Amino acid sequence: MCGIVGYVGPRPSQDILLAGLARLEYRGYDSAGIAVIDEQGDLGMRKKAGKLAMLRDSLAEHPLAAGTTGIGHTRWATHGGPTDVNAHPHLADDDKLAVIHNGIIENFNVLRDELISEGVTFRSETDTEVAAALLGREYRASGDLASAFRAVVNRLEGAFTLLAMHEDQPGVVVGARRNSPLVIGLGEGENFLGSDVAAFVEHTRKALAIGQDQMVTITPSSVEVTDFDGNPVEAQPFDVSWDAAAAEKGGWPSFMAKEVAEQPDAVANTIRGRVQGDQVVIPELDGLDELFIGIDRVIITACGTASYAALVGKYAIEQWARVPVDVELAHEFRYRDPVIGDKTLVISISQSGETMDTLMAVKYARERGARTLSVCNTQGATIPRESDAVVYTHAGPEVAVASTKAFSAQITALLLLGLHMGRVRGSLSDSAASDVAELQALPEKIAQVLAEEQEHVAQLAGWMADTRSVLFLGRHVGYPIALEGALKLKEISYIHAEGFAAGELKHGPIALIEPGQPVFVIVPSPRHSALVHSKVVSNIQEIRARGARVIVIAEEGDAAVLPFADEVIRIPLTGAMFEPVLAVVPLQIFAMALATAKGLDVDQPRNLAKSVTVE
Ligand code: F6R
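Numbering (the UniProt record's numbering), first residue to last: 1 to 615.
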């Protein structure tokens, strides 16, 4: 929810913190702040409600004294509204100590009452200030930042990444994490902490992942990781596979526009190294053949857009690997009593790898004896670390809040997984080689949709800028795409939108159709199933007869839709399972163009943050 950055080294920290926050702003953007220990050993702090630009302007007008130790925070409010006072850092110990925090401290009320009874007064409504005050108390008792910090984290319940520094100990930043992300960046004579590697990738691509319930102390020349009892722990090193330029807008009007356009590369990167001849072999899954053969059930768990990728994955894995697959929203999964055993494989899907609902579902599945595999886009994130195996999507950093390239990469990873599992289980049909060829052709075909339909769809959106509601229909693997098309539109254009399985129409939703109602219909190829195709064409006729304005997404050459469509968007011919990756592209462009026509910020839609690290 919030973005965190910490720096110790020889350079002035303010610019490093602000640049890091700019790259983390996707995580939260309702307020921001930094604290710096200056050359005189005094702690200076500035924080502002609003986007990072407000903080930048304030610092440009009244700079803080320069210093080389600092922490910075970009916030997405949980406890207390987005105000200057509630923004982080929070100070304690006569303002000599600063703390920033991501997550929710569940027992903050008890701790707050305890501190109030000792005479502490609070300035903000946040749970974070409670942690800061507690740290102030512990520091006064021990005079050592690391041990005081350890005492504090051991008292906190809930989810947190915390960073702290004290002006008595310049050149030291301490951090800790529980169910919330924190990574270390290793520089030459300088070190960094960040919510993710974007915070420091401009300066170093060498990183260390910190495990659950661990804390770290960084100085310019040392990094010490321990568990919450103070026992030394070996942190896992990794190299960041993308560079700073990948997280820049690079001339595009928005990150979302850039990320939509990057989909051919994102999908190609997901596939790279995972096809041998005409077979899919995912090297990371080496040694898991017995697991794939032994399972009798798959549950895919995820939230939001990732859960729609999961639905496509269900169709693909069932078809190729011949094993039953259920899709469960992660936040529903562990609050009932699902049937899970050691023959259940629970696959989690998460772009960020830190969505709290999904993380908790993975933990729950493991506790119940299931094997776990994650599909993730973020190296060093929590969910892959908590899983038995991981298939990274390698889509590169996704900055815009609305997921686009991560979604097509997630579907691609699930298609790969379905073909890999099918091969191992011996359940692939004779046509599998042509499926692998279709998979490899996807990047080029996505590029074709972008080249041929971008302008047409954007024009369509321009005409529809005053529309108050849009419906989306699909069948088979087109159904999840209808759901995704509706979600994209809702989240960035704030227009009411619903996605339905086309067959469900007559069971209720058709009552919504009135003259002029725009309805997108994702039409499956007649080459794969004449029956399913004809059913969708019938659905189109039903809504057209009631005055709907029908916008059809259909494969090239499908003439059956022409008499009933107001607009036709074409996608290239592909295999049945691969259509979603092509059909979603015009829907992403539509949502983006409509939001732009309404003058909205497509990258940072209201009320949303990129990664949802609270339940
Ligand atoms: C919508 C969107 C969200 C995420 C969901 C899960 O555009 O991005 O619905 O898909 O919050 O996030 P991850 O994949 O990071 O677990």
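Just so it is clear, CB atoms sit at the ideal spot from N, CA and C, and this is done for glycine as well.
From a predicted model like this one, the values you see are computed outputs, not experimental measurements.
Anticipated Cβ contact below 8 angstroms, L460 with V521, distance rounded: With a beta-carbon spacing of about 14 angstroms, L460 and V521 fall beyond the 8 angstroms limit used to define contacts.
Own chain residues within Cβ distance below 7 angstroms of G465, not counting five before or after: This sequence places Ala at residue 465; Gly is not what is there. Within the same chain, L594, A597, K598 come within 7 angstroms of A465 by CB-CB distance, once the 5 residues on both sides are set aside.
Same chain, Cβ closer than 6 angstroms to L115, five either side skipped, listed in chain order: The beta carbon of L115 sits closer than 6 angstroms to those of A133, all from its chain and outside the five residues before and after it, given in chain order.
Nearest neighbour of Q236, chosen from A245, R11, T226, A244 [CA to CA]: Checking every option, the nearest Cα to that of Q236 belongs to T226.
I300 to L64 span [Cα, whole Å]: Spanning the two alpha carbons is a distance of roughly 49 angstroms.
Assigned exposure category for I293 - 16 Cβ within 10 Å defines buried: Residue environment for I293: exposed (fewer than 16 other C-beta atoms within 10 angstroms of its C-beta).
V585 vs V449 beta-carbon contact at 8 angstroms: It is a contact, given that the beta carbons lie within the stated cut-off.
Reduced DSSP category for K48 - H, G, I as helix; E, B as strand; rest coil: It is a strand residue.
Contact between the segment 205-220 and the segment 164-177 (3+ Cβ pairs under 8 angstroms): Judged by pairs of C-beta atoms under 8 angstroms, the segment 205-220 touches the segment 164-177, as three or more such pairs exist.
DSSP three-state assignment for V614, whether helix, strand or coil: Three-state result, V614: coil.
CA-to-CA distance, L600 to V130, given in whole angstroms: Looking at the two C-alpha atoms, the distance is approximately 36 angstroms.
Reference H166; option with closest CA among V536, A432, I340, I100: Restricting attention to V536, A432, I340, I100, the CA atom closest to the CA of H166 is found in I100.
As assigned by DSSP and simplified to three states, the class of Q212: Reduced to three states, the DSSP call for Q212 is coil.
First through last residue of the beta strand (DSSP E) which encompasses P220: Run containing P220: none; DSSP gives neither H nor E here.
Through-space distance from H456 to L135, alpha-carbon basis: Whole-angstrom Cα-Cα distance: 58 angstroms.
Run of the beta strand (DSSP E) containing G396, from where it starts to where it stops: Element bounds for G396: n/a, residue is neither H nor E.
Anticipated Cβ contact below 8 angstroms, A207 with L186, distance rounded: In this structure A207 is in contact with L186, their Cβ atoms being roughly 7 angstroms apart against a cut-off of 8 angstroms.
R205 to F192 span [Cα, whole Å]: Whole-angstrom Cα-Cα distance: 11 angstroms.
Alpha-carbon to alpha-carbon, T412 and P283: The straight-line gap from Cα to Cα measures roughly 16 angstroms.
beta-carbon Q604 near ligand 1 non-hydrogen atom, thresh 7 angstroms: Not under cutoff, so the answer is no.
I293 in three-state terms, based on DSSP: I293: helix per DSSP, three-state reduction.
CA nearest to the CA of V197, picked from G81, G20, C376: Taking each of G81, G20, C376 in turn and checking the Cα distance to V197, the smallest one comes out for G20.
Near ligand 2: Q14 beta-carbon under 7 angstroms from a heavy atom: Absent from the structure shown: ligand 2. Ligands present: ligand 1.
Euclidean distance between Cα positions of Q214 and L162: The alpha-carbon atoms of Q214 and L162 are separated by roughly 11 angstroms.
Unbroken stretches of the beta strand (DSSP E), 3 residues or longer, contained in the segment 369-426: DSSP runs (the beta strand (DSSP E)) wholly in the segment 369-426: 371-376, 389-392.
Opening and closing residue of the alpha helix (DSSP H) in which R544 lies: Run containing R544: 530-545, per the alpha helix (DSSP H) assignment.
Option nearest A591 by Cα separation, candidates K610, V470, Q517, A302: Nearest of K610, V470, Q517, A302 to A591, Cα basis: V470.
S387 to A381 span [Cα, whole Å]: In this structure, the alpha-carbon of S387 lies about 11 angstroms from that of A381.
Buried/exposed call for G194, threshold 16 Cβ in 10 Å: Under this definition G194 is a buried residue.
Beta-carbon spacing of R160, N109 below 8 angstroms: Contrary to the premise, residue 160 reads as Phe rather than Arg in this sequence. The criterion of a C-beta distance shorter than 8 angstroms is not satisfied by F160 and N109.
Distance, D93 Cα to S408 Cα: Roughly 49 angstroms separates the two Cα atoms.
A247 CB to nearest heavy atom of ligand 1 below 7 angstroms: Checking the Cβ of A247 against ligand 1 gives no.
heavy atom of ligand 1 below 7 angstroms from residue 620 C-beta: Coverage of the chain is limited to positions 1 through 615, which leaves residue 620 absent and any answer about it impossible.
beta-carbon V612 near ligand 1 non-hydrogen atom, thresh 7 angstroms: At least one heavy atom of ligand 1 sits closer than 7 angstroms to the Cβ of V612.
Contiguous alpha helix (DSSP H) assignments of at least 4 residues, all confined to the segment 71-144: Whole alpha helix (DSSP H) segments, 4+ residues: 108-117, 128-142.
Outcome for K48 when other beta-carbon atoms lying within 10 angstroms are tallied against a minimum of 16: By the neighbour-count rule (16 or more Cβ atoms within 10 Å), K48 is buried.
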